[in-house]
């Protein structure tokens, strides 16, 4: 419809007594009607940069930290007005794609490596170039490596997940007569397996039978020893890596249908369906937070996850808890290490202000708010102390995550169509975790579907 | 089918059936059992979800699903407004419904009047096009509409939520036209002789006589657009123009094991229409069946 | 539809300017938001677009791809199965409830109101409520039954369960139409049948049902068309097409193909057009079937 037609229709509408609706307002709209800001400002540089910048992210905890950080930025630079927009994880990457694709994306958005590539290929994110030369040395090296393609970096490192660890419920351990050292020293798989037995001793059914007793009825669970589930970052990448396997090869093709893959996934499926020491996959396949919520309600003894849940656990757990190492497989303790960056929208209407805000987020001071709030470990080295300080005051030592982050790791998800690949292999994984398709068969079918999806 | 009767007889054939029912008491009991079972099945999900919404997370986790909330807490509702910004979706949805309702009624009445009461070349062809577009499913138009709204830069705006609906719907035009045609021509002719203009005839004679069908369309439009989901889901992003259904779906996606909070959200999403329904149930129930008479 | 020129109707020339003025806004809306999209969707079906890269013209590639891979066929089969599960059941139940209500027992008016409540509520919200009821852990149904059934993640159960929710939310609505239809049957006719010795069943099949023909037609046509497009509830109950794609009906498939993960506007457009064509065929067939049936039964 042409502009002309539209205007004449509106005139008709107004004449018809419809003017009431035309000034509709959304209470959620924080006066950021013009996210691009004043175009005249985009030519100026340095500290005098002004304008409005919007930042999109998926994490509520990080959003609170960012709001404080941007308030501090506004004190230094009153011309800059930065607002944050939260889009929940479940919709984040589908909505980001439609928004950025239609040229209406926020100026800055948080990004995970599995989804970056198509944005790079289509030149939709800013290269992090000379404007950031003075800050670059302050960013952790693994994050820079993870997001560099053809020697160009495509975002400012923000959050470092480090490696994965195991949150445990001390009260449940005590009830079962198990010490935290035992949890810290577990092996899984092969002849030296200690994980299953320990998980069984921690699992209890509704009638009070323990998981290693013959009367145990796993279909009426009360407490689960293990958090095994179809959780990419928290669970299955780590088990696969610890078995000596890989999820993708160097070219991004999927390579999980291997003997190592069968060992790792077979083990997880057995924990859920054979030993019933972890929640049924029908609860967890489509619900990434089920296990965390059950852990917080005191129904899971060992919750294997990352630093991204530290604040949730610290705020939500009403019981004594601690952090242990992940169980070691035949290849040792191999974890997935992931970092998160913020990207600048190449189509931003206010490039200077966007760069200015990105520079602030990449600076020691700007990134320190993330650490100060304890929300996540900053990927800016000079800001990491604030994180340790925050948790030190609460007598919590999250060093296991950083420690695990320095160990051997399994390659994090990457590739042009990772999202499509996930959509392709997930139905097969769903069936596998539910125990309905044999592991080898599901892995082979999932791998084939995933590789077909990335070729499209 | 026959032309519409402006005053459809909606009374039930009471006396003979009642007499017979009294004579056959056992069968009456069976009838009641079936009818009450239906009512129970209909109401149970609403009662259960409200009960859950009034429980604390602790109680939900520790007691059976069917236990009564004890203590009753408004905490989940308070959290929806305080932490999850549910004020905005309600306000946005209410505005969308208001604008679409007024626009759709106004423009549909105009168009239906033209089809029903005015003579012009091409009338039948245009009306045929209207009838044909009634067959176009929403699933088919959302993709091209998404592309069109993106191209003109109206993605994620209030305009995007109202424009596709506010100029009237073919269905409304169709129902109104049928009704207008049933209004006796004599009334119109008499008004013309008295010097009334076409505009006056429409608003002073036709519209007042068409109150039942306009009430029907009001009900259908309010219900449809308060509950609309697919188009807002596709065309909006983030909190600014989120409508209540999209906000509920997003909350469910994000806090999907937190059923007390999610049930509070579904209760909120349904409450306004349920209250309206309770207030105007007779009109509404009669309205729905009126659409069956074409 | 019969066209009779009414006496006293003003001449064409006087009406025309006003008529087009009255029609203009609505016609513009219908053209822009219902007719134009049909042309646009056909054009989109000939292009490849992933929302990010520029659109490229690919001719009939999308058509060939969609029609030669099993995805669309699978979704169509699921959709037809869904419709077959829903429509006969909801129509029969609606008719049964209407017949019972028509006995005019005290309280019938209130019950009629209660049955319609689900129609007023957002299908999306109802879907979420039922998702909780069916939740394997903490859900109401398993609590009542004392079992541990995985209603929505079992590929054999998911579609029937989704269909049951759909039936639940529409029976009341269907009932209303039948109540209205039954009220429109003159009592003399049923009484005459009874005098002729017809039992309740005979009266129902021979007298009431044929006279309910128009109502039945309306209920079936609107029911089939809306069930073919069912989206909100299914989206809420089983995201991502359900276990093994058991509830991957055509509407959720199109949504996923375009916006929910695959980001393939071209193929999604092909599927949308195919759905449109199928709906037209179904409607025409229904119309034909009823045109014959109603005449036959009344003869």
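Protein chains in written order, with the numbering used here: chain A, 1 to 456; chain B, 1001 to 1294; chain C, 2001 to 2299.
Even for Gly, the Cβ is constructed at its ideal location relative to N, Cα and C.
None of these values were measured; they are calculated from a predicted model.
Starting from residue i, trace the beta strand (DSSP E) both ways and give me its first and last residue.
i: residue 2188(C); result: It is not in any beta strand (DSSP E) - residue 2188(C) instead sits in the alpha helix (DSSP H) that spans 2187 to 2195.
i: residue 121(A); result: Unbroken run through residue 121(A) is the alpha helix (DSSP H), 113 to 121; no beta strand (DSSP E).
i: residue 2108(C); result: Per DSSP, residue 2108(C) belongs to no beta strand (DSSP E); it is in the alpha helix (DSSP H), 2108 to 2120.
i: residue 167(A); result: 165 to 169
i: residue 305(A); result: 302 to 305
i: residue 344(A); result: 339 to 344
How is residue i classed by DSSP in three states: helix, strand or coil?
i: residue 260(A); result: helix
i: residue 274(A); result: helix
i: residue 155(A); result: coil
i: residue 107(A); result: coil
i: residue 408(A); result: coil
i: residue 49(A); result: coil
i: residue 1287(B); result: helix
i: residue 205(A); result: strand
i: residue 1243(B); result: coil
i: residue 2047(C); result: strand
i: residue 1083(B); result: coil
i: residue 2130(C); result: helix
i: residue 2283(C); result: helix
i: residue 248(A); result: strand
Let me know if residue i comes out buried or exposed under the rule of 16 or more other beta-carbons within 10 Å of its beta-carbon.
i: residue 1270(B); result: buried
i: residue 1128(B); result: exposed
i: residue 2285(C); result: exposed
i: residue 2092(C); result: exposed
i: residue 2288(C); result: exposed
i: residue 2121(C); result: buried
i: residue 1988(C); result: Here chain C comprises residues numbered 2001 to 2299, so residue 1988(C) is not present and cannot be evaluated.
i: residue 1200(B); result: exposed
i: residue 2084(C); result: exposed
i: residue 2090(C); result: buried
i: residue 181(A); result: exposed
i: residue 227(A); result: buried
CA-CA distance, residue i and residue j?
i: residue 1072(B); j: residue 1083(B); result: 20 Å
i: residue 1288(B); j: residue 2178(C); result: 11 Å
i: residue 2250(C); j: residue 2166(C); result: 16 Å
i: residue 1055(B); j: residue 302(A); result: 28 Å
i: residue 2290(C); j: residue 2210(C); result: 11 Å
i: residue 330(A); j: residue 244(A); result: 7 Å
i: residue 440(A); j: residue 257(A); result: 7 Å
i: residue 2064(C); j: residue 1125(B); result: 35 Å
i: residue 1284(B); j: residue 1219(B); result: 6 Å
i: residue 1131(B); j: residue 2226(C); result: 17 Å
i: residue 2283(C); j: residue 2218(C); result: 11 Å
i: residue 1093(B); j: residue 1227(B); result: 9 Å
i: residue 381(A); j: residue 390(A); result: 16 Å
i: residue 306(A); j: residue 2034(C); result: 49 Å
i: residue 2156(C); j: residue 2098(C); result: 32 Å
i: residue 234(A); j: residue 264(A); result: 14 Å
i: residue 1154(B); j: residue 1235(B); result: 9 Å
If you follow the alpha helix (DSSP H) that residue i is part of, which residue opens it and which one closes it?
i: residue 2208(C); result: Neither: residue 2208(C) is in no alpha helix (DSSP H) and is coded neither H nor E.
i: residue 74(A); result: 60 to 76
i: residue 2214(C); result: 2213 to 2228
i: residue 324(A); result: Element bounds for residue 324(A): not the alpha helix (DSSP H) but the beta strand (DSSP E), 321 to 324.
i: residue 223(A); result: Element bounds for residue 223(A): not the alpha helix (DSSP H) but the beta strand (DSSP E), 221 to 223.
i: residue 393(A); result: 384 to 393
i: residue 1261(B); result: 1259 to 1279
* To do: Tell me, please, whether the segment 311 to 320 of chain A touches the segment 166 to 178 of chain A by the rule of three or more beta-carbon pairs shorter than 8 Å.
  => Counting Cβ pairs under 8 Å, three or more are found: they touch.
* To do: Could you tell me whether the segment 217 to 232 of chain A touches the segment 201 to 209 of chain A, where touching means 3 or more Cβ pairs closer than 8 Å?
  => Contact between the segment 217 to 232 of chain A and the segment 201 to 209 of chain A is present, because at least three Cβ pairs lie under 8 Å.
* To do: Taking 8 Å as the threshold, find out whether the segment 2191 to 2200 of chain C comes into contact with the segment 2147 to 2162 of chain C through three or more Cβ pairs.
  => Proximity of the segment 2191 to 2200 of chain C to the segment 2147 to 2162 of chain C falls short of the contact definition, fewer than three beta-carbon pairs being nearer than 8 Å.
* Decide yes or no for the touch test of the segment 2036 to 2047 of chain C against the segment 1145 to 1153 of chain B: beta carbon pairs closer than 8 Å, at least 3 of them. => With a cut-off of 8 Å, the segment 1145 to 1153 of chain B and the segment 2036 to 2047 of chain C count as touching, because enough Cβ pairs lie within range.
* Touching or not, the segment 152 to 165 of chain A and the segment 287 to 301 of chain A, by the rule of three or more beta carbon pairs under 8 Å? -> With a cut-off of 8 Å, the segment 287 to 301 of chain A and the segment 152 to 165 of chain A do not count as touching, because too few Cβ pairs lie within range.
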